[in-house]
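Position in the sequence shown (from 1) plus 93 gives the number in the working numbering. Glycine included, C-beta positions come from ideal geometry on N, C-alpha and C.
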Amino acid sequence: MSNQSLTQKERLLKILSGGRFLTLYEIQQQCFDQFGVHDSETALSARWRELPNSVKQKRRREKCTAWEYRLVA
94 MSNQSLTQKE
104 RLLKILSGGR
114 FLTLYEIQQQ
124 CFDQFGVHDS
134 ETALSARWRE
144 LPNSVKQKRR
154 REKCTAWEYR
164 LVA
């Protein structure tokens, strides 16, 4: 499967599979860097909400108001 044929949700899962906390902006940048696709923060947020709660973690980034996200095993 080529990178171009991945869905937004598949791209999101690949990026967040590393276990690091990332903001939506950072996820958006990774989508472009890794897959050459401009996914909007709004669309990525929607795909995040579609994932089961049992695999998601989110928290406020220290010293700012941005949320950051990651997947857990």
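At the level of alpha carbons, what is the spacing between residue i and residue j?
i: residue 115; j: residue 146; result: 17 Å
i: residue 158; j: residue 125; result: 24 Å
Taking the Cβ atom as the reference point for each residue, do residue i and residue j lie within a distance shorter than 9 Å?
i: residue 150; j: residue 134; result: no
i: residue 164; j: residue 109; result: yes
i: residue 106; j: residue 128; result: no
i: residue 154; j: residue 102; result: no
i: residue 104; j: residue 132; result: yes
**Message:** Restricting to runs no shorter than 4 residues, where is the alpha helix (DSSP H) found entirely within the segment 96 to 149?
**Reply:** 101 to 109, 117 to 128, 134 to 143
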